[in-house]
Amino acid sequence: MSKKEWPLWEVFIRSKAGLNHKHVGSLRAADAEMAVENARDVYTRRSEGISIWVVESKNIHASDPAEADSLFEPADSKVYRHPTFYDVPDGISHM
Amino acid sequence: MKEVNLNELERRFQEKIDKDIKIEPNDWMPENYRQTLIRQISQHAHSEIVGMLPEGNWITRAPNLRRKAVLLAKVQDEAGHGLYLYSATETLGADREETIDDLHTGKAKYSSIFNYPTLTWADMGAIGWLVDGAAIMNQVPLCRCSYGPYARAMVRVCKEESFHQRQGFEIMTTLAKGTPEQKAMAQDALNRFWWPALMMFGPNDADSKHTEQSMRWKIKRHTNDELRQQFVDVTVPQAEMIGLTVPDKDLKFNETTGHYEYGEINWDEFWEVVKGNGPCNKDRIDVRRKAKEDGAWVREAANAFAEKRARRKSA
Chain W
1030 MSKKEWPLWE VFIRSKAGLN HKHVGSLRAA DAEMAVENAR DVYTRRSEGI SIWVVESKNI
1090 HASDPAEADS LFEPADSKVY RHPTFYDVPD GISHM
Chain R
90 MKEVNLNELE RRFQEKIDKD IKIEPNDWMP ENYRQTLIRQ ISQHAHSEIV GMLPEGNWIT
150 RAPNLRRKAV LLAKVQDEAG HGLYLYSATE TLGADREETI DDLHTGKAKY SSIFNYPTLT
210 WADMGAIGWL VDGAAIMNQV PLCRCSYGPY ARAMVRVCKE ESFHQRQGFE IMTTLAKGTP
270 EQKAMAQDAL NRFWWPALMM FGPNDADSKH TEQSMRWKIK RHTNDELRQQ FVDVTVPQAE
330 MIGLTVPDKD LKFNETTGHY EYGEINWDEF WEVVKGNGPC NKDRIDVRRK AKEDGAWVRE
390 AANAFAEKRA RRKSA
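Protein chains in written order, with my numbering: chain W, 1030 to 1124; chain R, 90 to 404.
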């Protein structure tokens, strides 16, 4: 008798056309097709979505939160990437 | 990563909590915080799952098709809530199977309210109105809990729960407006579920051993007694509105505080039920165990089918 546990899947839902898929939670299922069916049953019971992605959790690679400071630091020091960095003379519009 | 000592990590952790920055699964957290959350979230998950049983009892005997469809939808929601919560425990490193086994061996607790029997159809009304009402009172502040996955699960749960309470209140209202027998049935259900519903908020603050630390970690936002008082204050007028009487001879409104004062809760009964000696404790766990055993072939068949499908695809 196999005691194999169903793998864990992360569920992403597109709530309506034009919006991106968004992570909503996870579930267990024997394979991808069944994961989609289960996701339909638990995560879209009140018309929350029109499209479902499932990704097996072990295939998600994440940045290390402990390294977040050094990982994202380069962006903090580059204020010139934002439009508010630049002076626009009075009277100039549409810019 | 550079070496940082434990005290420093704990200090930074508390600093994040104090600034209302959410803790996410891979963030560093004190072992006690992790264990407290696993205990609380798994108890919550078990309560959703065991909570399906008292109501499942009446699905086949609902008085009409509308009531039956509604009750079925509610019980399905509870299965989903259990799933969201078990998933949240998994983000903390808890093993799904072990968590469920802890329920089945009696090691893990669940809300004591579900150890009371559902004797009449009116109990479906009382449960939706009072039990889900009390659960919402508990769960709304949990939407702001410091642990991200738990807070997000609670947002979903709370959205879905509001229909649960309304459908219960609708059942009570209908019965209370019905024949004298129907009204008596509603009153009887209120009589039996009122005190257990108040017990759902847990022991008095003075006797609640986890409250202080949980509030410091912002797992909990209000004490048991604060939430219980809030529940009494909103529920008593609802009972009056539909002509039912709250079974508490000491209940009175205090004009000065603006709150209802209520009688002494029977804590001996509460602890007996928690210890496993309530009217239905044994039955609830037996049913859960049997469901898991009887469903084993389904889980295995799904695995076998997945393997077959994978083979076919690669062929």
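We treat Cβ as the ideally placed atom computed from N, Cα and C, and that holds for glycine.
Hey, residue i and residue j are a contact pair by Cβ (cut 8 Å); roughly how many whole angstroms apart?
{"i": "residue 1100/W", "j": "residue 1106/W", "result": "Not really, about 13 Å apart at Cβ, beyond 8 Å."}
{"i": "residue 1069/W", "j": "residue 1035/W", "result": "Not really, about 16 Å apart at Cβ, beyond 8 Å."}
{"i": "residue 335/R", "j": "residue 283/R", "result": "6 Å"}
{"i": "residue 302/R", "j": "residue 197/R", "result": "Contact flag wrong, Cβ pair sits at about 20 Å."}
{"i": "residue 337/R", "j": "residue 352/R", "result": "5 Å"}
{"i": "residue 394/R", "j": "residue 1064/W", "result": "The pair is not a contact, with the Cβ atoms about 13 Å apart (cut-off 8 Å)."}
{"i": "residue 258/R", "j": "residue 218/R", "result": "5 Å"}
{"i": "residue 317/R", "j": "residue 290/R", "result": "4 Å"}
{"i": "residue 1039/W", "j": "residue 1071/W", "result": "Their Cβ separation, rounded to whole angstroms, is 13 Å, which puts residue 1039/W and residue 1071/W out of contact at 8 Å."}
{"i": "residue 256/R", "j": "residue 163/R", "result": "7 Å"}
{"i": "residue 376/R", "j": "residue 142/R", "result": "6 Å"}
Does any C-beta atom of chain W lie closer than 8 Å to the C-beta of residue i?
{"i": "residue 398/R", "result": "yes"}
{"i": "residue 116/R", "result": "yes"}
{"i": "residue 169/R", "result": "yes"}
{"i": "residue 176/R", "result": "yes"}
{"i": "residue 102/R", "result": "no"}
{"i": "residue 185/R", "result": "yes"}
{"i": "residue 392/R", "result": "yes"}
{"i": "residue 179/R", "result": "yes"}
{"i": "residue 113/R", "result": "yes"}
{"i": "residue 395/R", "result": "yes"}
{"i": "residue 161/R", "result": "no"}
{"i": "residue 239/R", "result": "no"}
Any idea what DSSP makes of residue i, helix, strand or coil?
{"i": "residue 236/R", "result": "strand"}
{"i": "residue 395/R", "result": "helix"}
{"i": "residue 349/R", "result": "strand"}
{"i": "residue 384/R", "result": "coil"}
{"i": "residue 249/R", "result": "helix"}
{"i": "residue 1080/W", "result": "strand"}
{"i": "residue 93/R", "result": "coil"}
{"i": "residue 279/R", "result": "helix"}
{"i": "residue 1054/W", "result": "strand"}
{"i": "residue 1089/W", "result": "coil"}
{"i": "residue 272/R", "result": "helix"}
{"i": "residue 343/R", "result": "strand"}
{"i": "residue 1043/W", "result": "strand"}
{"i": "residue 225/R", "result": "helix"}
{"i": "residue 208/R", "result": "coil"}
{"i": "residue 98/R", "result": "helix"}
{"i": "residue 1035/W", "result": "coil"}
Cα separation between residue i and residue j?
{"i": "residue 106/R", "j": "residue 298/R", "result": "21 Å"}
{"i": "residue 379/R", "j": "residue 340/R", "result": "42 Å"}
{"i": "residue 95/R", "j": "residue 178/R", "result": "24 Å"}
{"i": "residue 400/R", "j": "residue 261/R", "result": "55 Å"}
{"i": "residue 270/R", "j": "residue 212/R", "result": "14 Å"}
{"i": "residue 149/R", "j": "residue 168/R", "result": "18 Å"}
{"i": "residue 276/R", "j": "residue 347/R", "result": "26 Å"}
{"i": "residue 208/R", "j": "residue 280/R", "result": "12 Å"}
{"i": "residue 366/R", "j": "residue 356/R", "result": "13 Å"}
{"i": "residue 1037/W", "j": "residue 391/R", "result": "14 Å"}
{"i": "residue 137/R", "j": "residue 225/R", "result": "13 Å"}
{"i": "residue 243/R", "j": "residue 166/R", "result": "13 Å"}
{"i": "residue 126/R", "j": "residue 308/R", "result": "8 Å"}
{"i": "residue 402/R", "j": "residue 176/R", "result": "29 Å"}
{"i": "residue 1074/W", "j": "residue 170/R", "result": "12 Å"}
{"i": "residue 413/R", "j": "residue 145/R", "result": "Because chain R spans 90 through 404 in this model, residue 413/R falls outside it and cannot be assessed."}
{"i": "residue 246/R", "j": "residue 404/R", "result": "43 Å"}
{"i": "residue 321/R", "j": "residue 159/R", "result": "26 Å"}
{"i": "residue 381/R", "j": "residue 189/R", "result": "9 Å"}
{"i": "residue 1082/W", "j": "residue 1062/W", "result": "10 Å"}
Using 8 Å as the threshold, is the C-beta distance between residue i and residue j below it?
{"i": "residue 200/R", "j": "residue 111/R", "result": "no"}
{"i": "residue 1044/W", "j": "residue 1078/W", "result": "yes"}
{"i": "residue 220/R", "j": "residue 286/R", "result": "yes"}
{"i": "residue 362/R", "j": "residue 153/R", "result": "no"}
{"i": "residue 268/R", "j": "residue 294/R", "result": "no"}
{"i": "residue 374/R", "j": "residue 195/R", "result": "yes"}
{"i": "residue 130/R", "j": "residue 192/R", "result": "no"}
{"i": "residue 238/R", "j": "residue 324/R", "result": "no"}
{"i": "residue 117/R", "j": "residue 210/R", "result": "no"}
{"i": "residue 228/R", "j": "residue 249/R", "result": "no"}
Just checking: is the beta-carbon of residue i within a distance shorter than 8 Å of some beta-carbon in chain R?
{"i": "residue 1087/W", "result": "no"}
{"i": "residue 1068/W", "result": "no"}
{"i": "residue 1076/W", "result": "no"}
{"i": "residue 1043/W", "result": "no"}
{"i": "residue 1110/W", "result": "no"}
{"i": "residue 1122/W", "result": "no"}
{"i": "residue 1048/W", "result": "no"}
{"i": "residue 1080/W", "result": "no"}
{"i": "residue 1098/W", "result": "no"}
{"i": "residue 1034/W", "result": "yes"}
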